[in-house]
Structure formats: C-alpha cells, structure tokens
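Q:
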Amino acid sequence: MSDGAVARRAVAGFRTEYGVEPTGRWAAPGRVNLIGEHTDYNDGYVLPFALPQQTVIAAAAARRANWSVWSETNGERISFDDAGLAPGAVPGWGAYVAGVVWALREAGHRVPHAELAIASDVPLGAGLSSSAALESAVLTALADLGGLDLPVDDRPRLAQRAENEYVGAPTGVMDQSASIRCRAGHALFLDCRSLAVEHIPFDLAEAGLAIVVLDSRAEHRHVDGEYADRRRVCEEAARQLGVPALRDIGPADLPGALDRLSDEVTRRRARHVVTENQRVLDTVALLRDRRIRDIGPLLTASHASMRDDFEITVPEVDTAVDAALAAGAYGARMTGGGFGGCVVALTEADNADAVAVAVTDAFAERGFTRPRAFTALPGPGARRLP
Ligand code: GLA
Numbered sequence: 026m027s028d029g030a031v032a033r034r035a036v037a038g039f040r041t042e043y044g045v046e047p048t049g050r051w052a053a054p055g056r057v058n059l060i061g062e063h064t065d066y067n068d069g070y071v072l073p074f075a076l077p078q079q080t081v082i083a084a085a086a087a088r089r090a091n092w093s094v095w096s097e098t099n100g101e102r103i104s105f106d107d108a109g110l111a112p113g114a115v116p117g118w119g120a121y122v123a124g125v126v127w128a129l130r131e132a133g134h135r136v137p138h139a140e141l142a143i144a145s146d147v148p149l150g151a152g153l154s155s156s157a158a159l160e161s162a163v164l165t166a167l168a169d170l171g172g173l174d175l176p177v178d179d180r181p182r183l184a185q186r187a188e189n190e191y192v193g194a195p196t197g198v199m200d201q202s203a204s205i206r207c208r209a210g211h212a213l214f215l216d217c218r219s220l221a222v223e224h225i226p227f228d229l230a231e232a233g234l235a236i237v238v239l240d241s242r243a244e245h246r247h248v249d250g251e252y253a254d255r256r257r258v259c260e261e262a263a264r265q266l267g268v269p270a271l272r273d274i275g276p277a278d279l280p281g282a283l284d285r286l287s288d289e290v291t292r293r294r295a296r297h298v299v300t301e302n303q304r305v306l307d308t309v310a311l312l313r314d315r316r317i318r319d320i321g322p323l324l325t326a327s328h329a330s331m332r333d334d335f336e337i338t339v340p341e342v343d344t345a346v347d348a349a350l351a352a353g354a355y356g357a358r359m360t361g362g363g364f365g366g367c368v369v370a371l372t373e374a375d376n377a378d379a380v381a382v383a384v385t386d387a388f389a390e391r392g393f394t395r396p397r398a399f400t401a402l403p404g405p406g407a408r409r410l411p
C-alpha cells in the first residue's frame with residue numbers, strides 16, 4: 026500500500042538525524058488475526074495474516090559503540106549502549122528496540138551497534154500489533170546488518186522474549202510470528218506449540234471478497250490486567266485438568282473436562298479456548314478447499330465465544346459485529362487481545378463500503394467515537410526492501 030511512502034520517510038529521517046545514507050531498509054507489517062484468539066499462550070492454533078501497513082527501518086552500522094534510534098512517530102531520538110541494556114534501563118517506546126537487542130544478546134548473538142530511523146503506518150493502540158511490527162523490523166534489520174546466523178523460524182520467539190521480559194507484557198507468540206513469517210496472499214496457520222506453519226492460500230481479490238477492518242477506537246480499558254488474568258485462569262484450568270496446556274483438550278473431551286473444573290468462570294474460559302482451537306482447524310479445512318465464503322459462520326461464532334465465554338469484548342466491537350452482519354457480511358469478529366481494538370468482517374468486495382457505512386451509522390446512533398475502516402489484503406512478512 027504505502028510501502029513507498031513510509032520507506033521514504035524512514036530514509037529521509039535517517040539522513041536528517043545522522044547526516045549519511047542508510048545501508049538498507051527493512052520492513053515488518055502489523056497483522057489481523059482471522060481466527061484463533063487467546064489460543065496462542067494455550068499452545069493452540071492461530072490464523073493471522075499480515076497487513077499492508079508496516080514499520081520501516083532505515084539503518085546502518087554505527088560509527089560509535091552504541092545504538093541510536095530515531096522514531097518519526099515519537100519525534101525523538103534515543104541512544105543506549107552495552108552497559109545500559111538491562112531490562113528496565115530503556116523506558117517507553119525505546120524498550121521495544123532495546124528489548125530486541127537484549128534478547129538477541131541473551132541468545133548469544135553479537136549484535137552490531139547501529140543507527141536506526143523508524144517510520145510506520147501501523148495504527149498505534151488499535152490491536153493491530155504495532156509493537157510486534159516494531160520488534161520484528163528491528164530484529165530483521167539487526168540480523169541482516171550483523172550477518173547473524175538466525176533462522177527465520179527462530180526469530181518470533183526472540184521478539185516475543187523482548188516483549189515478555191523487557192517490555193513486560195505477558196503475550197503469546199502470535200503477533201511476532203505473523204509479522205515475521207506471513208506471506209502475501211496467504212494466512213499463516215501456526216501451531217503455537219511446535220511453531221510449525223502452513224501458508225494457507227487466502228486470495229480475497231481473486232474470490233471477489235474483502236476483509237473490512239473496523240477500528241472501534243474504543244479505549245483499551247484495563248487491557249493489561251485483564252489479559253494477564255485470562256492467561257492465569259487458562260493455566261489454572263490446565264493444571265486442574267492435569268494437562269500441559271488447554272490445547273491438549275479436544276472438543277470430544279470438553280463435557281467431561283468442564284465437569285472437573287472448579288467454577289463457572291474457569292469453565293467458560295476453558296470452553297472458549299477449546300472451541301476456538303477447533304474453529305481454527307475448521308476454518309483452515311474450508312480455506313484449503315477454497316471455500317472462503319463458508320468461513321463466515323465460524324468467524325461470527327468466534328466472536329460470540331469471546332463475548333459470552335471469554336468476556337473480552339466491549340459494546341463498541343459488539344456493535345460493529347452486529348452492524349457488519351446486518352449489512353450482509355458473511356461473518357465478523359473482534360480481532361486481537363480484546364477490550365477494544367478492531368473487528369474484521371468478511372464480505373463481497375462490492376459490499377465493503379456498505380459494511381463500513383453501516384458500522385459508522387450504528388456507532389453514531391449510540392454516540393460512540395466515529396470508527397475507522399479500511400480493507401486489507403494479506404501482505405508479506407518482514408523483509409529487506411529492495
Ligand atoms: C494479543 C497478544 C497475542 C494473543 C492475542 C489474543 O495480540 O499479543 O499474543 O494472545 O492478544 O489472541
């Protein structure tokens with residue numbers, strides 16, 4: 026989409042800040058998750074695809090022994106050196122960059138000192154993985170600049186470690202995997218236990234379909250505490266069931282498993298994860314048969330499960346889903362961690378505008394902030410730009 030514009034801004038920023046030309050430009054995208062929510066940290070299945078929106082880094086080896094980072098988004102430049110790298114030492118947005126350097130060094134890599142300039146068109150705070158895009162872009166740039174021996178398959182875990190242990194957010198591995206491993210025209214079917222992937226053809230344009238991404242712009246309320254709470258309850262459910270993770274419970278085991286759980290809330294949380302894993306598998310089976318339209322009911326069932334069992338939706342996203350369906354979408358669901366963020370709706374391409382208008386009208390009626398809408402085709406994962 027705006028590949029060129031964002032890259033040009035990163036390069037222009039680099040020249041202004043450092044007075045020389047960058048060695049190269051690296052890009053990593055944001056993502057939407059088609060289906061499979063809060064399954065990643067339960068060792069389950071997810072099916073994200075990369076957005077055309079991305080974070081671009083212009084970079085070169087440093088002329089002094091540190092890392093300098095300029096961000097267009099934040100309008101500031103920070104620097105840190107080997108001695109100032111401990112978790113907690115670099116606060117704010119710089120933690121996403123320093124965290125990657127730290128995680129690479131913890132894994133035994135010699136990370137090149139570098140000068141970096143960052144520009145991005147991934148919306149911030151909308152649940153589209155702007156932080157994973159930043160981590161993945163930094164990782165890709167530094168791995169290339171330093172000639173690090175770092176297979177692509179191993180990169181998401183390192184970026185996740187930066188997020189978990191340096192930034193301090195207890196997320197799973199989906200977002201970094203999507204940003205690093207996705208392919209254009211495909212959704213990424215990822216087994217979050219083995220990290221095995223299958224690139225599932227998801228050619229919306231060829232099928233005459235569109236995914237409309239509706240940013241509810243609802244303020245993320247208590248998102249960190251609620252996310253950590255869901256994760257804790259899922260781990261507790263697995264412990265009560267005597268399995269390593271909820272992934273190990275199949276739909277056939279579910280009724281018996283629910284009987285063994287201690288309370289109603291834990292039962293509902295577990296039911297979401299178990300049924301959601303199955304919905305991912307069912308979606309993948311339909312997509313393998315090129316039956317894209319038929320995944321609609323699975324998307325909508327996923328939303329109902331997040332709303333009723335996992336309790337992570339808010340009125341804005343529920344309204345967006347209802348309005349999209351009423352406007353003829355085949356299916357719609359919240360995507361991402363929850364408590365705000367975006368909805369994805371699958372519809373005929375020539376109905377995409379009508380879906381966006383219907384959601385905008387429904388928001389106006391309820392006095393919600395005006396939503397933003399765009400259509401998204403699956404783009405490529407992290408890479409060096411030519
Ligand atoms: C956030 C996290 C992911 C995943 C989703 C929910 O995006 O970063 O790891 O848990 O929420 O599916």
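If you're matching positions, the sequence shown starts at 26 in my numbering and goes up one per residue.
For glycine and all other residues, C-beta sits at the position ideal for the given N, C-alpha and C.
Measuring only from the beta carbon, is G117 closer than 7 Å to any heavy atom that is part of the ligand GLA?
A: The residue given as residue 117 occupies position 92 in the sequence shown. No, since every heavy atom of the ligand GLA falls outside the 7 Å radius drawn around the Cβ of G117.
Q: Pick helix, strand or coil for T63, following the three-state DSSP scheme.
A: Residue numbering aside, residue 63 sits at position 38 when the sequence shown is read from its first letter. Inspection of the sequence shows that residue 63 is occupied by His rather than by Thr. Reduced to three states, the DSSP call for H63 is coil.
Q: Nearest-angstrom Cα distance between N302 and G61?
A: The sequence position of residue 302 within the sequence shown is 277, counting from 1. The sequence position of residue 61 within the sequence shown is 36, counting from 1. Between N302 and G61, the C-alpha separation is close to 6 Å.
Q: Is I12 helix, strand or coil when you go by DSSP?
A: Nothing can be reported for residue 12: it is not among the residues displayed for the chain, which extend from 26 to 411.
Q: In angstroms, rounded to a whole number, what distance separates the CA positions of R34 and R102?
A: If you number the sequence shown from 1, residue 34 lands on position 9. If you number the sequence shown from 1, residue 102 lands on position 77. Between R34 and R102, the C-alpha separation is close to 15 Å.
Q: Looking at H63 and the ligand GLA, is the gap between the Cβ and the nearest heavy atom below 7 Å?
A: Locating residue 63 in the sequence shown gives position 38, counting from the first residue. Answer for H63: yes, Cβ within range of the ligand GLA.
Q: Rounded to whole angstroms, what is the Cα-Cα separation between T48 and G361?
A: Locating residue 48 in the sequence shown gives position 23, counting from the first residue. Locating residue 361 in the sequence shown gives position 336, counting from the first residue. Computed Cα separation, rounded: 34 Å.
Q: Do P403 and A75 have their C-beta atoms within less than 8 Å of each other?
A: Taking the first residue of the sequence shown as position 1, residue 403 is located at position 378. Taking the first residue of the sequence shown as position 1, residue 75 is located at position 50. Contact: yes.
Q: Can you check the stretch 107 to 167 for any alpha helix (DSSP H) of at least 4 residues that lies completely inside it and give the ranges in chain order?
A: The qualifying runs are 119 to 131.
Q: Classify N189 as helix, strand or coil using the three-state DSSP reduction.
A: Indexing the sequence shown from 1 puts residue 189 at position 164. Residue state, collapsed to three classes: helix.
Q: Taking the alpha helix (DSSP H) that S13 belongs to, which residues open and close that run?
A: No answer is possible for residue 13: it lies beyond the span of the chain, which begins at 26 and ends at 411.
Q: What distance in whole Å lies between the Cβ atoms of A349 and A326, which are believed to be in contact at a cut-off of 8 Å?
A: Within the sequence shown, residue 326 is the residue found at index 301, counting from 1. Within the sequence shown, residue 349 is the residue found at index 324, counting from 1. Not really, about 15 Å apart at Cβ, beyond 8 Å.
Q: In terms of alpha-carbon separation, which member of A387, H245, A282 lies closest to F364?
A: The residue given as residue 364 occupies position 339 in the sequence shown. When only C-alpha atoms are compared, the closest one is H245.
Q: Under three-state DSSP, which class holds L283?
A: Translated into the one-based positions of the sequence shown, residue 283 becomes position 258. It is helical.
Q: Determine whether the beta carbon atoms of L311 and D319 lie at a separation below 8 Å.
A: Position 286 of the sequence shown, counted from the start, is the residue given in the question as residue 311. Position 294 of the sequence shown, counted from the start, is the residue given in the question as residue 319. Yes, Cβ-Cβ distance for L311 and D319 is below 8 Å.
Q: Out of R313, Q78, S104, T98, which has the shortest C-alpha to C-alpha gap to A90?
A: The residue given as residue 90 occupies position 65 in the sequence shown. Measuring from the Cα of A90, the nearest candidate turns out to be S104.
Q: Helix, strand or coil, according to DSSP, for N58 in the structure here?
A: The residue labelled residue 58 in the question sits at position 33 within the sequence shown. Correct three-state label for N58: strand.
Q: Give a yes or no on whether the C-beta atoms belonging to A184 and Q201 are separated by under 8 Å.
A: What you label residue 184 is simply residue 159 of the sequence shown in a count that begins at 1. What you label residue 201 is simply residue 176 of the sequence shown in a count that begins at 1. Yes, the pair counts as a contact, with Cβ atoms nearer than the cut-off.
Q: Would you check whether the ligand GLA has a heavy atom nearer than 7 Å to the C-beta of Y121?
A: The residue labelled residue 121 in the question sits at position 96 within the sequence shown. Not under cutoff, so the answer is no.
Q: If you draw a straight line from the C-alpha of L159 to the C-alpha of V222, how long is it?
A: Position 134 of the sequence shown, counting from 1, holds the residue named residue 159. Position 197 of the sequence shown, counting from 1, holds the residue named residue 222. Distance between the alpha carbons of L159 and V222 is about 22 Å.
Q: Compute the beta-carbon to beta-carbon distance between S96 and W127, rounded to the nearest angstrom, for a pair I have assumed lies under 8 Å.
A: As a first step, residue 96 must be located in the sequence shown, where it is residue number 71. As a first step, residue 127 must be located in the sequence shown, where it is residue number 102. Actually they are not in contact, since the Cβ atoms of S96 and W127 sit about 18 Å apart, beyond 8 Å.
Q: Rounded to the nearest angstrom, how far is the Cβ of A379 from that of A352, given a contact under 8 Å?
A: Position 354 of the sequence shown, counted from the first residue, corresponds to residue 379. Position 327 of the sequence shown, counted from the first residue, corresponds to residue 352. With a Cβ gap of about 5 Å, A379 and A352 count as contacting.
Q: For R257, count neighbouring C-beta atoms within 10 Å of its own C-beta (all shown protein chains included) and say buried if the count is 16 or more, exposed if not.
A: Here residue 257 refers to the residue found at position 232 when the sequence shown is read from its first residue. Result: exposed.
Q: At 3 residues or longer, what runs of the beta strand (DSSP E) sit wholly inside the stretch 228 to 276?
A: Counting only runs of 3 or more, we get 234 to 240.
Q: Going by DSSP, what residues sit across from S96 in a beta bridge?
A: To locate residue 96, count along the sequence shown from 1; it is residue 71. S96 pairs with E101, I143.
Q: Measuring alpha carbon to alpha carbon, tell me which of C367, F227, R397 ends up nearest R313.
A: Here residue 313 is taken as the residue at index 288 of the sequence shown, counted from 1. Nearest of C367, F227, R397 to R313, Cα basis: F227.
Q: Would you say the beta carbon of T196 comes nearer than 7 Å to a heavy atom of the ligand GLA?
A: Sequence index remark: in the sequence shown, residue 196 carries index 171 (1-based). Yes, Cβ of T196 sits closer than 7 Å to a heavy atom of the ligand GLA.
Q: If you measure from the CB of G361, is any heavy atom of the ligand GLA nearer than 7 Å?
A: What you label residue 361 is simply residue 336 of the sequence shown in a count that begins at 1. Yes, since a heavy atom of the ligand GLA falls inside the 7 Å radius drawn around the Cβ of G361.
Q: Out of R40, A345, E46, point me to the one whose CA is closest to E390's CA.
A: Along the sequence shown, read from residue 1 onward, the residue named residue 390 stands at position 365. Closest option to E390, Cα to Cα, is A345.
Q: Would you tell me roughly how many angstroms separate the C-alpha atoms of T394 and M331, rounded to the nearest one?
A: Here residue 394 corresponds to residue number 369 of the sequence shown, with the count starting at 1. Here residue 331 corresponds to residue number 306 of the sequence shown, with the count starting at 1. The straight-line gap from Cα to Cα measures roughly 22 Å.
Q: Quick check: what's the CA-CA separation for M26 versus P77?
A: To locate residue 26, count along the sequence shown from 1; it is residue 1. To locate residue 77, count along the sequence shown from 1; it is residue 52. With a pLDDT of 41 at M26, under the threshold of 50, the modelled position of that residue is not reliable, and the figure given next carries that caveat. Near 6 Å, if we compare the C-alpha coordinates of P77 and M26.
Q: By Cβ distance, which residues of its chain are closer than 7 Å to A144, with the 5 residues on each side in sequence left out?
A: Your numbering for residue 144 matches position 119 in the sequence shown. Once the five neighbours on either side are set aside, the close Cβ partners of A144 are V31, R34, A35, G38, V81, E97.
Q: Taking 8 Å as the cut-off, does the stretch 109 to 125 touch the stretch 172 to 179 (at least 3 CB pairs, one atom from each stretch)?
A: At 8 Å Cβ cutoff, the stretches do not touch.
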